[in-house]
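Here the structure is laid out as C-alpha cells; the discussion comes afterwards.
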Amino acid sequence: MKPTRMALWALGVLLMIFLVAPIIVIVITSFNGSTYMEFPPKNLSLRWYANFFQSRHWYETAILSLRVALPTMVAATVLGTAAAIGIVRGSFRGKRALEAFFVSPMVVPIVVIALGFYFLFSSYRLLNTAWALFLGHTVVATPLVIIMVRAALRTTNPDMDLAARSLGANLWRSLLYVTLPSIKATLVAAAAFAFLISFDDVVIAIFVAGPDTTTLPKRMWETIRFEIDPTLTAISSMLTLVAIVVLVGVELLRGPESPERAE
C-alpha cells in the first residue's frame, strides 16, 4: 500500500472515531449505576433505562413525540411528493420562483421560523396544542421531501408516463401505477427523514409547545437547563437506536429501485 493511500486511510479512520466517539461515550455512560454521570462507569446497571419507563415525566413526552411525528411524516411525504411532481413534470411560468419558495424553510434559520409560528399560532389560539407542533414540523419537513423526490424524478424517464397515458391510463392511474412505483425507494427514505425531523425537533417545540404539549426533546432540553439527570444518557442512547432502526428499516423496506433512467 502506497504511503499516500495509507495516510488517507488513517485519516479516514481517525475522522470516523472523532464522529462516533461522543455517541459511544454516551452509550457507555447510560449503563452507569451511580446517582451521577461518570465515565467510565464504576458499576454497570440498567437503572436509568428503567427510570425512563417508570416515570410518566419521561415516557408520556415520548408518546406525544410519536403522536406528532407519525402524522407529520404522512403529511410531509404527501405534500412534498405532490409539490415535487408539479415542479418536475409541470411547465408553467414562475416555476423556479415557486420551487425556491417551497424549499425556503431549509434556508431560513429555524429560530426565525419558530418565532413566526409563535406569533401566528398565538393569533389563532393554537399555542400549547399538538396541532401547533404538527403544523410547524410539517412545514420544516416538507422541503426535504421535495428535494429528495425531485432528485429521484429527474432520474426517471418521463416517457414512461406518456406511454401509460397513450395506452388509456388517466392522470391518476399513471401517477399511482407508473410514477410513484418508480421512485418508491426515495419515498420510503423521504418519509423516514420527515419522521426523524419531527421526532428530534426542539426549537419549534420551545416556541409553540407548552406544559401540556412537551415533547421528549423539549423535556430533555429543560432538564439539561436545570439539572443533570443521568436518565438523559439512557434516553440519548435510545434515540440513537431509534435513528439506526429507522435507517436500517428504510434499507430493508424500500427494496431495489429500478426506475427507467432518463437518457
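Its first residue numbered -18, the sequence shown is counted upward by one per residue in the working numbering. For glycine and all other residues, C-beta sits at the position ideal for the given N, C-alpha and C. No experiment lies behind these values; they were computed from the predicted model shown.
Next item on the list: State the beta-bridge partners of L245 as determined by DSSP.
Entry: This structure gives no information on residue 245, because the portion of the chain shown stretches from -18 to 244.
task: Look at the Cβ atom of P86, then the Cβ atom of V120, and state whether they are nearer than 7 Å.
output: Residue numbering aside, residue 86 sits at position 105 when the sequence shown is read from its first letter. Residue numbering aside, residue 120 sits at position 139 when the sequence shown is read from its first letter. Judged by beta-carbon spacing, V120 lies within the 7 Å limit of P86, meaning their Cβ atoms are closer than that value.
Straight-line Cα distance separating L(-4) from L51: Taking the first residue of the sequence shown as position 1, residue 51 is located at position 70. Taking the first residue of the sequence shown as position 1, residue -4 is located at position 15. Between L51 and L(-4), the C-alpha separation is close to 34 Å.
So for L108, helix, strand or coil by DSSP? On the sequence shown, position 127 is the one that residue 108 refers to. Note: L108 maps to coil in three-state DSSP.
Within a Cβ cutoff of 6 Å, which residues of the same chain sit near E244, ignoring the five residues on either side of it in sequence? In the sequence shown, counting from the first residue as 1, residue 244 sits at position 263. For E244, the pLDDT reaches just 42, beneath the cut-off of 50, and the residue's location in the model is therefore unreliable, leaving the point undetermined.
query = Since A46 and F180 are thought to touch, with beta carbons under 8 Å apart, how far apart are those beta carbons, to the nearest angstrom?
reply = By 1-based counting over the sequence shown, the position of residue 46 is 65. By 1-based counting over the sequence shown, the position of residue 180 is 199. Per the sequence presented here, residue 46 reads as Ser, with Ala not at that position. Indeed they touch by this definition, with Cβ atoms about 5 Å apart.
Where does T214 fall in DSSP's three states? Taking the sequence shown and counting its residues from 1, the one referred to as residue 214 is at position 233. Of the three classes helix, strand and coil, the one that applies to T214 here is helix, per DSSP.
ask   = If we ignore side chains and look at the alpha-carbon of each, how far apart do L(-11) and A31 end up?
value = Here the question's residue -11 lines up with position 8 in the sequence shown. Here the question's residue 31 lines up with position 50 in the sequence shown. Here the C-alpha atom of L(-11) lies approximately 43 Å from the C-alpha atom of A31.
Going by DSSP, what residue range makes up the alpha helix (DSSP H) through G67?
To locate residue 67, count along the sequence shown from 1; it is residue 86. In the DSSP assignment, G67 falls within the unbroken alpha helix (DSSP H) covering R37 to R70.
| Beta-carbon separation of V49 and F102 under 7 Å? | Counting from one through the sequence shown, the residue named residue 49 turns up at place 68. Counting from one through the sequence shown, the residue named residue 102 turns up at place 121. No, the pair does not count as a contact, with Cβ atoms beyond the cut-off.
Discussion item. Taking its Cβ as the centre, do 16 or more other Cβ atoms sit within 10 Å of N24, making it buried, or is it exposed?
Written reply: Translated into the one-based positions of the sequence shown, residue 24 becomes position 43. N24 should be labelled exposed.
Margin query: Given this structure, state the Cα-to-Cα distance separating G67 from E19, to the nearest angstrom.
Written below: On the sequence shown, residue 67 is found 86 positions in, with the first residue counted as 1. On the sequence shown, residue 19 is found 38 positions in, with the first residue counted as 1. The C-alpha of G67 lies about 53 Å from the C-alpha of E19.
Three-state secondary structure (DSSP) at T137? Numbered from 1 along the sequence shown, position 156 holds the residue referred to as residue 137. Of the three classes helix, strand and coil, the one that applies to T137 here is strand, per DSSP.
| message | Whole angstroms are fine: how far does the CA of I178 sit from the CA of A95? | response | Here residue 95 is taken as the residue at index 114 of the sequence shown, counted from 1. Here residue 178 is taken as the residue at index 197 of the sequence shown, counted from 1. Cα to Cα, the separation comes out at about 14 Å.
Using only the alpha-carbon positions, how far apart do I5 and W202 sit? Along the sequence shown, read from residue 1 onward, the residue named residue 5 stands at position 24. Along the sequence shown, read from residue 1 onward, the residue named residue 202 stands at position 221. One Cα belongs to I5, the other to W202, and the distance between them is close to 21 Å.
Problem - Backbone secondary structure at N32 - three-state DSSP - result: In the sequence shown, counting from the first residue as 1, residue 32 sits at position 51. In the three-state scheme derived from DSSP, where H, G and I count as helix and E and B as strand, N32 is classed as helix.
Contact under 7 Å by Cβ, L98 with G117: Mapped onto the sequence shown, residue 98 falls at position 117. Mapped onto the sequence shown, residue 117 falls at position 136. Looking at the sequence provided, one finds Phe at residue 98 rather than Leu. Yes; because the gap between Cβ atoms is below 7 Å, this pair is in contact.
Exercise. Does the beta-carbon of L134 have 16 or more other beta-carbons within 10 angstroms, so that it is buried, or is it exposed?
Worked result: For the purposes of this step, residue 134 is identified with residue 153 of the sequence shown, where counting begins at 1. By the neighbour-count criterion, in which a residue is buried when 16 or more other Cβ atoms sit within 10 angstroms of its Cβ, L134 is buried.
Checklist entry - Between A186 and the rest of its own chain, which residues show a CB-CB distance below 7 Å, the 5 nearest in sequence each way excluded? => result What you label residue 186 is simply residue 205 of the sequence shown in a count that begins at 1. Sequence-distant Cβ neighbours of A186 in its own chain, meaning closer than 7 Å and more than five residues away, are L114, T196, P198 and K199.
Report yes if the CB atom of V130 is closer than 7 Å to the CB atom of T204, and no otherwise.
Working through the sequence shown from its first residue, we reach residue 130 at position 149. Working through the sequence shown from its first residue, we reach residue 204 at position 223. Going by C-beta atoms, V130 is not nearer than 7 Å to T204.
- If T58 and V126 are in contact, beta carbons under 8 Å, what's the gap, nearest whole angstrom? By one-based count along the sequence shown, residue 58 stands at place 77. By one-based count along the sequence shown, residue 126 stands at place 145. Contact flag correct, Cβ pair sits at about 6 Å.
- Query: At what residues does the alpha helix (DSSP H) containing R200 begin and finish?
  - Reply: Taking the first residue of the sequence shown as position 1, residue 200 is located at position 219. Per DSSP, R200 belongs to the alpha helix (DSSP H) from L197 to F207.
Margin query: For a quick check, are the C-beta atoms of T194 and A111 less than 7 Å apart?
Written below: Residue numbering aside, residue 194 sits at position 213 when the sequence shown is read from its first letter. Residue numbering aside, residue 111 sits at position 130 when the sequence shown is read from its first letter. Taking the C-beta atoms as reference points, A111 is found nearer than 7 Å to T194.
In this structure, how does DSSP classify L27 when only helix, strand and coil are distinguished? The residue labelled residue 27 in the question sits at position 46 within the sequence shown. In the three-state DSSP reduction, L27 falls in the coil class, being neither helix nor strand.
Using CA atoms only, rank isn't needed, just tell me which of T123, L(-8) and P3 is closest to A250. Since the first residue of the chain shown is -18 and the last is 244, residue 250 is not available in this structure.
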